[in-house]
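Here the UniProt record's numbering is used: position 291 in the sequence shown is 291, and no number is missing along the way. Structure record follows, encoded as structure tokens.
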Amino acid sequence: MAGKKTAKNGENQKKDRLERELDQWIADFYRKQDAAPGEGGRKKNGENEKRSRQKADAGKKGGERSTVPEKKERRKEGGPAERRKNTGKNPCPVSNRCGGCQLLHLPYSAQLQQKQKMMEELLKGICRVYPITGMENPWHYRNKVHAVFDHDRKGNPISGVYEAGSHRVVPVEKCLIENEKADEIIGTIRGMLKSFKIRTYDEDTGMGLLRHVLVRCGFSSGQIMVVLVTASPLFPSKKNFLRVLLDKHPEITTVVQNINDKDTSMVLGEREQVLYGKGYIEDQLCGCTFRISSRSFYQVNPVQTEKLYRKAVEEAGLTGRETVLDAYCGIGTIGIIAAPKARRVIGVELNPDAVRDAVINGRTNRRSNIEFYCQDAGMFMQEMRSAGENIDAVFMDPPRSGSTPEFIRAVCESGPRRVVYISCGPQTLARDLRLFTGSGYRVLGAWPFDMFPGTEEHVETIAVLERIGKGKKAE
């Protein structure tokens, strides 16, 4: 028993060391970029590196655009305004305070070059990095828009985003990367609050009703969901409020009230009620129809997502005879798209809301060869291996924190012919690929996709791994 504990402690220490090295690498990379001639000598201190990593989505799986500390902090020196001095004109009027789009001061071609270089340096010695896939139109691509609601000193309602590293709200009326119709709806809601005597929530006092508004837009379907996050289930003049909102925006197909009555930085609570419509929207992706609820994960950039998923399925090399595992499957997008090319597809996801949507999506798209399970991906893989079930190919799309050593070990011991790793965290991708290459797999290549133009570290990448024989190590 003591030997097992020692081995486990050794693995944890090795994992921690790799994470520290990768964090240091990403910090060193951007320091080099900022000091490079012709870049304007942008400054970024250690505090800002920490803040930059907190900006989780544009890319974070399952969360909002930023991850913020539990307690309020005052703005410190060396923030977004400081690090953008002398870098060229930024078209966003609130960029100095928002901190969400760190690269808007650069031409789009230069943004792509910087991200390509980052991926090449990060995966150096691991695999070849193919040219990054960019967008023809890198504006207003976000189909999911989250607005924090607060009030100014005069009590007037404001909405926007949290200032980098704090809980101070930066008022935003129009965002260059968000869906324009979503911004318009949020502005309408903000303008209705006073006439309906609805107070915005105050984090300091715990008073007020409206905390957040979330808008999700179907890119192909045109359907729109509005989620009103309130601190209480009580909603005065709810029917009249809905009537006015829908009169102003008849394009809205459903409205959901989410109740978050906890003192937390989490946006969505666990309870909700449908106020109008079906409580979800549908959208089309790669010829398939998907149901999207308020709390389920769905990629925020539909144009790039189509390219990403088509490439992922192509690289899996399916022939129609394979059993495929879709790990961290969300609402089942990748597995459902791949199902016609496989004999059997198994989707695994920990979020029960997403699994519910995945099951419905499988039926909607008439995929009789796909099944979904609500379970931890690592535990599920270990159970499959113990039961002697063989997997021929694996799709894995973990959160930004990456996969786990337990899941990767279970995959390698099961020995699928090919693993297609879809990553939204470049540094954790590098960490996990090293675990694979030490356990009988080689990386055939990595294909980056710019899912979040204007942002700094957020690159979605497909890495394709191939088994080279059990017990062997990749060279």
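The beta carbon of each residue, even a glycine, is placed where N, CA and C say it ideally should be.
Identify the residues that DSSP records as bridge partners of residue i: which are they?
i, result
"residue 212", "148 and 229"
"residue 283", "290"
"residue 342", "Bridge partners of residue 342: none, in fact."
"residue 446", "129 and 463"
"residue 396", "327 and 421"
"residue 259", "230 and 271"
Considering only the beta carbon of each residue, do residue i and residue j sit closer than 8 angstroms?
i, j, result
"residue 344", "residue 369", "yes"
"residue 298", "residue 242", "no"
"residue 245", "residue 229", "no"
"residue 108", "residue 445", "no"
"residue 394", "residue 416", "yes"
"residue 397", "residue 441", "no"
"residue 308", "residue 462", "yes"
"residue 438", "residue 402", "no"
"residue 271", "residue 286", "no"
"residue 206", "residue 263", "yes"
"residue 322", "residue 339", "no"
"residue 162", "residue 148", "yes"
"residue 217", "residue 239", "no"
Can you list, in chain order, the residues of its chain with a C-beta nearer than 6 angstroms to that of residue i? Leave out the 5 residues immediately preceding and following it.
i, result
"residue 355", "349, 372 and 374"
"residue 454", "101, 103, 104 and 177"
"residue 50", "Unreliable positioning characterises residue 50 in this predicted model, as indicated by a pLDDT of 32, which lies under 50. The coordinate reading is nonetheless provided below. Closer than 6 angstroms at the Cβ level, and outside the excluded window around residue 50, lies no residue."
"residue 204", "none"
"residue 305", "299"
"residue 171", "158 and 160"
"residue 138", "108 and 453"
"residue 128", "445"
"residue 251", "224"
Would you mind sorting residue i into buried or exposed? The rule is 16 or more other CB atoms within 10 Å of its CB.
i, result
"residue 392", "buried"
"residue 430", "buried"
"residue 301", "buried"
"residue 154", "exposed"
"residue 420", "buried"
"residue 222", "exposed"
"residue 110", "exposed"
"residue 389", "exposed"
"residue 195", "exposed"
"residue 320", "exposed"
"residue 234", "exposed"
"residue 152", "exposed"
"residue 136", "exposed"
"residue 399", "buried"
"residue 366", "exposed"
"residue 456", "buried"
"residue 202", "exposed"
Looking only at its chain, what residues have a beta carbon closer than 7 angstroms to the beta carbon of residue i, apart from the 5 residues adjacent to it on each side?
i, result
"residue 435", "405 and 408"
"residue 261", "231, 232 and 269"
"residue 175", "183"
"residue 410", "378, 381, 382 and 385"
"residue 115", "132, 448, 450 and 459"
"residue 249", "185 and 188"
"residue 413", "385"
"residue 237", "196"
"residue 94", "170 and 172"
Roughly how far, in whole angstroms, is the beta-carbon of residue i from the beta-carbon of residue j, given that I think they are within contact range, below 8 angstroms?
i, j, result
"residue 159", "residue 225", "Contact doesn't hold; Cβ gap of about 17 angstroms is too wide."
"residue 254", "residue 274", "7 angstroms"
"residue 337", "residue 313", "6 angstroms"
"residue 219", "residue 143", "5 angstroms"
"residue 179", "residue 140", "6 angstroms"
"residue 331", "residue 291", "7 angstroms"
"residue 134", "residue 112", "5 angstroms"
"residue 347", "residue 326", "4 angstroms"
Would you say the beta carbon of residue i is closer than 7 angstroms to some non-hydrogen atom of the ligand PLP?
i, result
"residue 374", "This structure lacks the ligand PLP; in fact it carries no ligand of any kind."
Looking only at its chain, what residues have a beta carbon closer than 8 angstroms to the beta carbon of residue i, apart from the 5 residues adjacent to it on each side?
i, result
"residue 120", "129"
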